[in-house]
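Peer 1:
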Amino acid sequence: MERPDSTLMQEVSINGQRQRISYRLDRQRIDAGQVLTAQGGTAFDVLRAVPGVVVDADGSLSFRGSQEFLVYVDGKPSPLSGTEALQMIGAASIKNIEILTTPSAKYKTEGDVGIINIVTKRSETDGWDVSVNGTASTWRTLSLDTKINYRTGHHNIYIAGQGSDIHNKSQFEQEKKTSAKGTTVTSYADGTRFRDFRTYIGQGGYEFNDGWHRLNIDLQGGRTINPRGGDMTYKSLSQPSPEGKGLDIEEAHDRYKLTKKLFQTAIDYTWKLNERGDEININNRFRYDRFSEEYTESNMFDLNGARQEGTRGYET
């Protein structure tokens with residue numbers, strides 16, 4: 000009897016990868032781990048790679064053509080707003096980001112264009128869990144967020160702290176010509192502008208979840224400091240030139256700083272009524288913002304350094 004031939008086949012390995020962005024009727028979901036350009040960055044860097052999100056020269060993020068969007072973290076509103084909130088959360092601690100274009104009733108949109116909900120990585124095992132994420136750049140940009148979590152059975156206690164010092168700088172150049180009644184005025188503007196975000200937030204909370212009842216109590220507080228300004232050179236030339244007057248050159252230096260203190264509490268309770276998933280939800284929010292100091296200064300100097308005009312003001 001002849002024995003059947005046997006063939007030795009090599010091992011075949013198939014590698015798959017999840018989609019970076021998935022779409023549903025009411026939301027987009029971005030897998031933070033799939034956005035390679037955001038590694039070592041923040042939630043801000045994750046969203047920069049998403050269609051429909053635009054970052055301007057001052058480092059502010061626009062979503063669907065507007066900066067009036069709300070930021071939630073794990074389903075709870077952030078005490079910070081817009082770009083500030085996104086720059087506070089390290090990409091390494093993010094599981095995914097949801098962009099809700101038609102939020103459900105449990106989200107309070109207040110007329111904004113939508114909600115960005117950041118879902119963080121969380122440990123489900125009992126015991127201690129400590130996470131530390133930090134970023135730094137050659138442009139002196141720094142950010143650090145830490146979280147200490149202790150879970151036992153149905154109970155979870157956590158404390159966290161976040162701090163960042165984000166710097167944005169841009170170069171501005173402009174040439175403008177205006178003609179009227181036979182005279183043409185050519186104006187030139189050249190210089191730099193900057194905008195910084197300094198944020199310091201502390202957080203603490205308690206969670207209970209036995210499968211039927213979920214309770215979360217969360218406290219957050221801190222302060223933000225947002226300076227911005229510019230150093231510009233303005234040149235103006237009129238043709239034909241008035242007698243005895245040539246190129247007019249002036250320098251402008253503008254400074255603005257806003258300091259804000261904030262505090263927020265959130266209490267959420269959910270009672271699961273049956274296996275079908277019917278629920279009763281009770282949510283309570285309290286938020287306090289205080290603009291503790293606003294400083295504005297604007298000055299115009301000639302080439303000799305003499306101050307020609309300007310303003311300076313404080314408001315507390």
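Position 51 of the sequence shown, counting from 1, maps to 50 under numbering that gives the first Met the number 0, and the rest follow consecutively.
All C-beta atoms, glycine included, are put in the ideal place defined by N, C-alpha and C.
#1: Among Thr100, Asp195, Lys260, which one has its Cα closest to the Cα of glutamate 67?
#2: Does the beta-carbon of asparagine 215 have 16 or more other beta-carbons within 10 angstroms, so that it is buried, or is it exposed?
#3: Taking the alpha-carbon positions, what's the asparagine 298 to arginine 311 distance?
#4: Considering only residues of the region 115-154, which uninterrupted beta strand (DSSP E) runs meet the minimum length of 3 residues and lie entirely inside it, listed in chain order?
#5: With glutamine 295 and proline 239 assumed to form a contact (beta carbons below 8 angstroms), what rounded beta-carbon distance in angstroms separates them?
#6: Around the C-beta of asparagine 280, are 16 or more other C-beta atoms found within 10 angstroms, so that it is buried, or is it exposed?
#7: Apart from the five residues just before and just after glutamine 86, which ones in its own chain have a Cβ nearer than 8 angstroms to its Cβ?
#8: Between tyrosine 233 and alanine 188, is the Cβ-Cβ spacing less than 7 angstroms?
#9: Spatial neighbours of valine 34 within its chain, please: C-beta separation below 8 angstroms, excluding the five flanking residues on both sides.
#10: Just verifying my parser: in three-state terms, what is the DSSP assignment at aspartate 253?
#11: Can you look up leucine 218 in the DSSP assignment and give me helix, strand or coil?
#12: Quick one: using the 10 Å Cβ neighbour count with 16 as the cut-off for buried, is asparagine 303 buried or exposed?
#13: Where do the ends of the beta strand (DSSP E) carrying aspartate 189 lie?
#14: Could you check the C-alpha separation between asparagine 176 and isoleucine 115 for me, to the nearest Å?
#15: How do the region 281-288 and the region 264-271 stand: do at least 3 beta-carbon pairs fall below 8 angstroms, yes or no?
#16: Which residues in the same chain have their Cβ closer than 6 angstroms to the Cβ of glutamate 250, if we skip the five residues on either side of it in sequence?
#17: Can you tell me which of the three DSSP states threonine 82 falls into?
#18: Would you tell me roughly how many angstroms separate the C-alpha atoms of aspartate 230 and aspartate 253, rounded to the nearest one?
#19: Hey, how far is the Cα of glycine 276 from the Cα of glutamate 206?
Peer 2: On the basis of the data shown:
#1: Residue mapping note: residue 67 aligns to position 68 of the sequence shown, counting from 1. Restricting attention to Thr100, Asp195, Lys260, the CA atom closest to the CA of glutamate 67 is found in Thr100.
#2: Walking along the sequence shown from the start, residue 215 turns up at place 216. Buried, because 16 or more other Cβ atoms sit within 10 Å of the Cβ of asparagine 215.
#3: Here residue 298 refers to the residue found at position 299 when the sequence shown is read from its first residue. Here residue 311 refers to the residue found at position 312 when the sequence shown is read from its first residue. One C-alpha to the other measures close to 8 angstroms.
#4: The DSSP assignment places complete beta strand (DSSP E) segments of no fewer than 3 residues inside the region 115-154 at 126-135, 141-151, in order along the chain.
#5: By 1-based counting over the sequence shown, the position of residue 295 is 296. By 1-based counting over the sequence shown, the position of residue 239 is 240. First, the amino acid is wrong: residue 295 is threonine here, not glutamine. No, threonine 295 and proline 239 are not in contact; Cβ-Cβ is about 39 angstroms, not under 8 angstroms.
#6: Counting from 1 along the sequence shown, the entry for residue 280 is found at position 281. By the neighbour-count criterion, in which a residue is buried when 16 or more other Cβ atoms sit within 10 angstroms of its Cβ, asparagine 280 is exposed.
#7: For the purposes of this step, residue 86 is taken as residue 87 along the sequence shown, with counting starting at 1. Taken in chain order, the residues that qualify are Thr41, Ala42, Phe43, Ser142, Ser163, Ile165, Phe196, Thr198.
#8: Here residue 233 is taken as the residue at index 234 of the sequence shown, counted from 1. Here residue 188 is taken as the residue at index 189 of the sequence shown, counted from 1. Contact: yes.
#9: Residue numbering aside, residue 34 sits at position 35 when the sequence shown is read from its first letter. Around valine 34: Arg19, Asp44, Val45, Ala48, Ala90.
#10: The residue labelled residue 253 in the question sits at position 254 within the sequence shown. Here aspartate 253 sits in strand by DSSP.
#11: On the sequence shown, residue 218 is found 219 positions in, with the first residue counted as 1. In the three-state DSSP reduction, leucine 218 falls in the strand class (E or B).
#12: Here residue 303 refers to the residue found at position 304 when the sequence shown is read from its first residue. Under this definition asparagine 303 is an exposed residue.
#13: On the sequence shown, position 190 is the one that residue 189 refers to. Aspartate 189: member of the beta strand (DSSP E) spanning 182-208, first to last residue.
#14: By one-based count along the sequence shown, residue 176 stands at place 177. By one-based count along the sequence shown, residue 115 stands at place 116. Per the sequence shown, the amino acid found at residue 176 is lysine instead of asparagine. Taking the straight line joining both Cα atoms gives about 43 angstroms.
#15: Flag = yes, the region 281-288 and the region 264-271 touch.
#16: Position 251 of the sequence shown, counted from the first residue, corresponds to residue 250. For glutamate 250, where only same-chain residues beyond five positions count, the Cβ hits under 6 angstroms are Thr232, Phe300.
#17: Working through the sequence shown from its first residue, we reach residue 82 at position 83. Under the three-state reduction of DSSP, threonine 82 is assigned to helix.
#18: The residue given as residue 230 occupies position 231 in the sequence shown. The residue given as residue 253 occupies position 254 in the sequence shown. Rounded to whole angstroms, the gap between the alpha carbons of aspartate 230 and aspartate 253 is 7 angstroms.
#19: Residue mapping note: residue 276 aligns to position 277 of the sequence shown, counting from 1. Residue mapping note: residue 206 aligns to position 207 of the sequence shown, counting from 1. Here the C-alpha atom of glycine 276 lies approximately 20 angstroms from the C-alpha atom of glutamate 206.
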